[in-house]
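Trainee: Before anything else, here's the structure in question.
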């Protein structure tokens, strides 16, 4: 059985890497707190309002055991290696033993915050951010006995609070309830000021209200990102500076938060983003998605759906300049469609696509006489047309363009009693099929012939499958879109481009991913995510510290 000393120090570390990403991982290593009013993490009333990132993680050993049990032996070993490295670097190397020095008194949750430097004309813009760790004290008498033991360093007084400093760290105990540790003495002073002046993150507009919508008393972790503050930090980096227009748009956002829960079959993220109360931006409250999943075959590998494609495009166009990772400029897509087909993207196509839509990847039907040149997959697009007449006119233009420009044959056919149109390449292969599922839902399938899987609509559809129902979050009944990815052997065998480091190890650990989104109100959006994971089995105890800890006196 793993000792809590080794399990909880992985608390602080593993959470960072697994929840927010490798770059943030090194930030949160020290320790963690309990619980506050409105089920907010304990110690949040010590975190300054301009904190860039706040992460609270459970200290419960069973949760860490469960987290480490997910994945494959390879990913389990990689996580354990990372946790050991962080433990040795932040605890063992500083002479601390979690089981002896922290576990006897620490509360149920630890909070780590990254705070920017104090605004000061003499402070260089490149000054490093500071880390503030807040550890709730569940047993004050025990904590006093341990923390009062002599350690090397010096003490000073700041506004009536004793501050101890040693080896680049600064610490204080507030109200006998919280141990605050920072890598910067000024950050410790700011934490004290925040606590005494009662102007913490809890007073930030929308923070408490937004987090109450995703709160869970049995959570594993909670994450908050201060979007405008983070945008300012990015903008101060000369290699990644934003345009004034992009920065102004990002400054209208207030926060992004997520609650992380461990479920028997994977990890769930309940997330929310919200705008500043004085923002001139608002969201269109439309949650009309939910039917396209029933129109797709059960074997669908990937599905992305939404409630209004036209609105999605308009929102994308408005926000693209403020998004440094936007995949493509709108004008590039417009000019590409015009160049390839002669059609106007906005007028000929999107003008009638203001209903529900879906983009899906469907595998081809296995054939005994298949050849290596046969398509293995089909990319299927379904959309509800608000003006069927205009839609048919645009599709007719598209057929003529494909025929005139690329010498494809346009052939009429029947599938399940419904008329369809095939695009036949000059070498005789059907490369695309389009038609209508009913009076106002059009479909277009490119690649493998899958029209017979879409027509007619089958009771054994994607929405009815166990994998979909277990993976895609269903709490948001009225939603604005969903995403589903089934990472089965067929998907893993595809020649996928490399998106992330160690991608194959990640794919081996994950069974499926589901996302559901909903516009809560004109100023906030919900995102629920679930990752169904494989099981690596019960984890082994972590190796002993590589550097012996100094025994507690």
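Residue numbers (full-length UniProt numbering): 1 to 553.
We put the beta carbon where it would ideally sit given N, CA and C, even for glycine.
Any idea what DSSP makes of residue 511, helix, strand or coil?
Mentor: In the chain shown, counting from the first residue as 1, residue 511 sits at position 511. Strand.
Trainee: For residue 26, which residues of its own chain have a beta-carbon under 7 Å away from its beta-carbon, when the five flanking residues on both sides are left out?
Mentor: As a first step, residue 26 is located in the chain shown; it is residue number 26 there, counting from the start. The predicted position of residue 26 is uncertain, since its pLDDT is 28 and thus under 50; no value can be drawn from it.
Trainee: Quick check: the Cα distance between residue 15 and residue 528, rounded to an integer number of angstroms?
Mentor: Numbered from its first residue, the chain shown carries residue 15 at position 15. Numbered from its first residue, the chain shown carries residue 528 at position 528. Only weak support is given to the placement of residue 15: the predicted model assigns it a pLDDT of 33, under 50, and the question is left unresolved by the model.
Trainee: With the cut-off set at 8 Å, would you say residue 446 and residue 425 are in Cβ contact?
Mentor: The residue labelled residue 446 in the question sits at position 446 within the chain shown. The residue labelled residue 425 in the question sits at position 425 within the chain shown. Taking 8 Å as the Cβ cut-off, residue 446 and residue 425 do not qualify as a contacting pair.
Trainee: Would you list the residues sitting across from residue 263 in a DSSP beta bridge?
Mentor: Counting from one through the chain shown, the residue named residue 263 turns up at place 263. Paired residue(s): 266.
Trainee: If we count the other Cβ atoms within 10 Å of its Cβ and call it buried at 16 or more, is residue 406 buried or exposed?
Mentor: Counting from 1 along the chain shown, the entry for residue 406 is found at position 406. The residue is exposed, with fewer than 16 neighbouring Cβ atoms inside 10 Å.
Trainee: For residue 200, I'd like the list of residues in its chain whose CB is within less than 8 Å of its CB, leaving aside the five on either flank, ordered along the chain.
Mentor: The residue labelled residue 200 in the question sits at position 200 within the chain shown. So the qualifying residues of the chain are 44, 45, 46, 47, 48, 49, 194.
Trainee: Counting C-beta neighbours from all protein chains within 10 Å, is the total for residue 222 16 or more, i.e. buried, or is it exposed?
Mentor: Locating residue 222 in the chain shown gives position 222, where the first residue counts as 1. Per the 10 Å Cβ criterion, buried.
Trainee: With the cut-off set at 8 Å, would you say residue 182 and residue 130 are in Cβ contact?
Mentor: Residue numbering aside, residue 182 sits at position 182 when the chain shown is read from its first letter. Residue numbering aside, residue 130 sits at position 130 when the chain shown is read from its first letter. Result yes, Cβ atoms of residue 182 and residue 130 sit closer than 8 Å.
Trainee: DSSP three-state label for residue 303, please.
Mentor: Start at 1 with the first residue of the chain shown, and residue 303 comes out as number 303. Strand, per DSSP.
Trainee: Which value, in whole angstroms, describes the spacing of the CA atoms of residue 553 and residue 99?
Mentor: What you label residue 553 is simply residue 553 of the chain shown in a count that begins at 1. What you label residue 99 is simply residue 99 of the chain shown in a count that begins at 1. The predicted model places residue 553 with a pLDDT of 39, which falls under 50 and marks its position as unreliable; any figure quoted below should be read in that light. Taking the straight line from one Cα to the other gives about 14 Å.
Trainee: Whose CA, out of 267, 60, 366, lies closest to the CA of residue 376?
Mentor: Locating residue 376 in the chain shown gives position 376, counting from the first residue. The shortest C-alpha separation from residue 376 is found at 366.
Trainee: Going straight from the alpha carbon of residue 430 to that of residue 423, what length do you get?
Mentor: Taking the first residue of the chain shown as 1, we reach residue 430 at position 430. Taking the first residue of the chain shown as 1, we reach residue 423 at position 423. Each residue's Cα considered, the two are about 6 Å apart.
Trainee: Taking the alpha-carbon of residue 554 as reference, which of 402, 58, 412, 176 has the nearest alpha-carbon?
Mentor: No answer is possible for residue 554: the residues shown for the chain start at 1 and end at 553.
Trainee: Mind checking whether residue 460 and residue 298 have CB atoms under 8 Å apart?
Mentor: Your numbering for residue 460 matches position 460 in the chain shown. Your numbering for residue 298 matches position 298 in the chain shown. In contact: residue 460 and residue 298 (Cβ atoms closer than 8 Å).
Trainee: Please report the residue range of the alpha helix (DSSP H) in which residue 86 lies.
Mentor: Reading the chain shown from its first residue, position 86 is the one you call residue 86. First-last of the alpha helix (DSSP H) with residue 86: 73-90.
Trainee: With DSSP as the reference, please indicate the residues paired to residue 383 in a beta bridge.
Mentor: On the chain shown, residue 383 is found 383 positions in, with the first residue counted as 1. Beta-bridge pairing links residue 383 to 357, 442.
Trainee: Ordered along the chain, which non-local residues of its own chain (more than five positions away) have a Cβ less than 7 Å from that of residue 189?
Mentor: Locating residue 189 in the chain shown gives position 189, where the first residue counts as 1. Excluding residues within five positions, the ones whose Cβ falls inside 7 Å are 158.
Trainee: Which of helix, strand or coil does DSSP assign to residue 165?
Mentor: Position 165 of the chain shown holds residue 165. In this structure, residue 165 counts as strand in the three-state DSSP scheme.
Trainee: Any contact between the stretch 407-417 and the stretch 385-397? By contact I mean 3 or more CB pairs, one from each, below 8 Å.
Mentor: No, they do not touch.
Trainee: Can you have a look at residue 31 and say buried or exposed, based on whether 16 or more other CB atoms are within 10 angstroms of its CB?
Mentor: Position 31 of the chain shown, counted from the first residue, corresponds to residue 31. Reliability fails at residue 31, whose pLDDT of 28 lies under 50, so the model's placement of it is uncertain and the value that follows must be treated cautiously. Result: buried.
Trainee: Any idea if residue 404 is buried or exposed, counting beta-carbon neighbours within 10 angstroms, 16 or more meaning buried?
Mentor: As a working mapping, residue 404 is identified with position 404 in the chain shown. By the neighbour-count rule (16 or more Cβ atoms within 10 Å), residue 404 is not buried but exposed.
Trainee: Could you tell me which residues DSSP pairs with residue 528 in its beta bridges?
Mentor: Walking along the chain shown from the start, residue 528 turns up at place 528. DSSP, once it has assigned bridges, lists 270, 516 as partnering residue 528.
Trainee: May I have the straight-line CA-CA distance separating residue 435 from residue 494, to the nearest angstrom?
Mentor: What you label residue 435 is simply residue 435 of the chain shown in a count that begins at 1. What you label residue 494 is simply residue 494 of the chain shown in a count that begins at 1. Roughly 28 Å separates the two Cα atoms.
Trainee: Distance check for residue 156 and residue 147, CA to CA, integer angstroms please.
Mentor: Here the question's residue 147 lines up with position 147 in the chain shown. Here the question's residue 156 lines up with position 156 in the chain shown. Rounded to the nearest angstrom, the two C-alpha atoms are 16 Å apart.
Trainee: List the DSSP bridge partners of residue 521.
Mentor: For the purposes of this step, residue 521 is taken as residue 521 along the chain shown, with counting starting at 1. For residue 521, which the question treats as bridged, DSSP gives the partners 524.
Trainee: Put residue 159 into one of helix, strand or coil per three-state DSSP.
Mentor: Counting from 1 along the chain shown, the entry for residue 159 is found at position 159. Three-state result, residue 159: coil.
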